[in-house]
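Encoded as structure tokens, the structure appears first; notes follow it.
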Amino acid sequence: CYHAGVSVNMNYATDGSGAFSRDVLYALTNYFNYDPTTIQIYTFNPDNQTEWINMVKTEIDAGRPIYYSGSSSASGGHAWVCDGYNDNNELHINWGWGGYANGYYAATAMIPSGTSYDFSESNDMIIGIQPNQSEFKHLWVRQASGFGTSSRGIQYISAVSNRVAWAVAFDGSGGNAKVKEYTMTTDGGATWKAGSINPANSAGFAASMICAIDDKTAWVPLYDGTNGGGMIAKTTDGGKTWTQQTSATFTKPNGFPNVVHFWDADNGFCMGDPNGGYFEIYTTTNGGTNWTRVSQANIPAPLNGEYGVVGYYDVIGDNVWFATNKGRIYKSTNKGASWQVYQTPLTSTAFEIAFKNSSEGIIYGKENDIDKFYRTTDGGANWTQFAPSGNVYTADLCWIPGTDTLISTGSNYSANKMGVSYSVDGGNTFTDYAPFYKNFQFTNMGASPNGTVWAGSFNSSANYGGMWKKGASVLSANFTVNKTTAYRNDSTVVFTDMTYGSPESWEWNFGEGAEPAIKTGKGPYTVKYTTYGDKTVTLTVQKGNDIHVYVKEKVLNVTWPSGVETNNSDNKLTVYPNPTNSSVFVNIAGFTKGIIDVYNITGALVWTSGTETTEGKIDVSNLSTGVYLIKIKGDNGTVATRKLTVTR
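The opening residue of the sequence shown carries number 602 in this note's numbering; numbering runs sequentially from there.
Written out as structure tokens, the structure is:
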């Protein structure tokens, strides 16, 4: 019962519990291995009762029970099992109440006998529930996008590798809130961590899209949809902090950044709507520390009322294309330094761009409420219309890099154009990955160079929904340690593996002074340290060709035991000559091994042996006149202090 609840993100209250039927659909196939090629959900239409009853009979005759749900404004919602029918075309209902009220009911009257409940509205049923005989595996797996606010849709995805991806959100609730939130993963989507993009002077702004180059560094164009103006924001610490890059000005009222792209840590371009009479395009060679606006002479003039669209661009090598609302494509072959423009057959609409290589590409737009597709074989100069067959969806189009596979996604719930399909013939024919996916919304996509593809959706909570992934699960090394500080030779430090992805091998390096220093197994392992200071621990895991190395710095600080400082009167350590006036060195009689530190009267460290030494000698040549404290840390954990007076 617990696993069933978790699988559908069940909401619990003192007077009941509930979940969405479409979440049941996914849970049955993904977690309980029912066949996703047969399972489907249908909504009851009272005008088509005969068709509905016939579907029920087909399922029952095949020995397949039916998940059935309904609601009413007075009774709320409920889900139950339909497991039979009779000659009067009534359905046998098991309400899930220990047999109470079970019996035959008309499809139009789901009113449990002996109760005041009425579940006759919004009736759905899930059919085709059978064991996964085909061994069909989910090609697209749902992930939790991490956003704390529900109904966050995915605006744009930047897929860096099969492990690392970033995304920005929009308000999918219908409230049109301005959202500048990101989410990112470093473990292939097993976990997504969300946060806010809050550089200075960005109140009331929203995110256009995002471009990342690794798990630390990303850029986001932010725009003010009310007053105009915008900025490029950058993070170098994995999203913890964001800084405005002020030389890409995007001044209001006409400034509006649509796109930013980086080829590496240094070279990038960004583009905004016309400002000052021409498109506001910048390039950089130092990561955006300095942006240089491309001169008007190097950018074809915009048409009257022409502007760009957030995130509508593509990059292949040094080639860049971006779309405008007038059906034109601006193209650069030198990373944005200079531009040319082509008119597509689309003349009055913005459109999606998807290039396979520097020559072949596809655009999609809607004119007069008609979907139109065009392809080019010369890099965008000329376009030919074509009509794809099959289910081609229009939320986004994306090529998997280096392949012939073109993916389309759909998110239009009201028009029942949801799902995900693919083409391997240049877009002529599209095939659904499975009819099962037509019950779910897929928004923008991001494809990594490794071939892993993420597609956005809408979340229910931070822990449920909002992202889809196509691609193998990857290893993600991780571990915990039971304490953050320890004493030297403390044998209670335990490292526990927390790796995601079922590795086949582990290799631990517990760092300097560790006993044991290295282990090759899952653990957990108990480790002690014979040296002091911050420790860095490395865990390497492998499964087949998938290797992940996780380095955690300052995971543990090894210190001297507190409360064991030696009483000076009882200690046999003696500093001489003391006082000293002309000596270069002073010595410590009785010293055997340890670390020696010297502090001035203000508590500042002025000399140290650095590491353990057996030489009881202190260099005082650079010490000025004054009183100093010598702290002697023995290898047995004791600490002794001595006063040293220097006169010059």
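Yeah, the Cβ is synthetic: ideal placement off N, Cα and C, and Gly gets one too.
Because the structure is a prediction, the values reported are computed rather than measured.
Given residue i as reference, the closest of the options once Cα atoms are compared
i	options	result
N689	N703, D1236, T651, Y757	T651
T1193	G1235, V1221, G873, P1180	G1235
K781	D788, Q731, W843	W843
M785	F923, A1063, K1153, T1137	A1063
F952	E968, E961, N958	E968
T1141	S1015, G980, Y1130, F1111	F1111
A710	R743, R976, W698, S670	S670
W1055	N763, I971, T1086, V657	N763
E691	R894, W1069, W653, F923	W653
P989	G980, I1001, C999, Y975	Y975
D919	G912, R743, K932	K932
V1187	Y1151, G789, Y1229	Y1229
G966	S959, A955, S960	A955
V921	A902, G962, T950, G889	G962
I728	Y994, Q845, T639, T977	T639
P875	S1009, Q897, V1221	Q897
S1009	V993, W1069, M1019, A1016	V993
Buried versus exposed, by CB contacts within 10 Å (16 or more), residue i
i	result
D997	buried
D1171	Residue confidence is low: D1171 scores 40 on pLDDT, short of 50, so the model does not pin down where it sits. No coordinate-derived value is stated.
F1041	buried
N1079	buried
W741	buried
R1243	buried
D616	exposed
A1073	exposed
G715	exposed
T1246	exposed
N1169	Confidence in N1169 is poor, its pLDDT being 48 and thus under 50, which makes the residue's placement unreliable; the coordinate value appears in the next sentence. Answer is exposed; the Cβ neighbour count stays below 16.
Y1177	exposed
M679	The sequence shown places His at residue 679, not Met. The residue is buried, with at least 16 neighbouring Cβ atoms inside 10 Å.
E660	buried
Y705	exposed
A1035	buried
P858	buried
P647	exposed
W1000	buried
P1117	exposed
V609	buried
S1163	At S1163, the pLDDT of 47 sits below 50, so the modelled position is not reliable; the number obtained from the coordinates is stated separately. Classification for S1163: exposed.
C602	exposed
L1206	exposed
F633	exposed
One or two residues paired with residue i in a DSSP bridge
i	result
H693	G685, Y705
H1149	V1142
Y932	Checking the sequence, you will find Lys at residue 932 rather than Tyr. According to DSSP, K932 bridges with W922, Q941.
E722	S672
E881	G873
A955	I963
W820	C812, K835
R753	D772
I758	A768
Q986	Y975
S618	Y613
Beta-carbon gap between residue i and residue j smaller than 8 Å
i	j	result
S1210	I1197	yes
S1077	G1052	no
P939	N891	At residue 939 the sequence reads Ser, which differs from the Pro that was named. Taking 8 Å as the Cβ cut-off, S939 and N891 do not qualify as a contacting pair.
Y908	N926	yes
K841	W820	no
V1138	V1094	no
G1067	F870	no
G830	G856	yes
E1105	T1121	no
T995	D972	yes
Proximity test, Cβ basis, 8 Å: residue i and chain D
i	result
P1178	No chain D appears in this structure, which consists of one protein chain only.
3-residue-minimum beta strand (DSSP E) runs that sit fully inside the region 1003-1056, ordered along the chain: Those beta strand (DSSP E) runs which fall completely within the region 1003-1056 and span 3+ residues are 1007-1013, 1018-1024, 1030-1033, 1046-1048.
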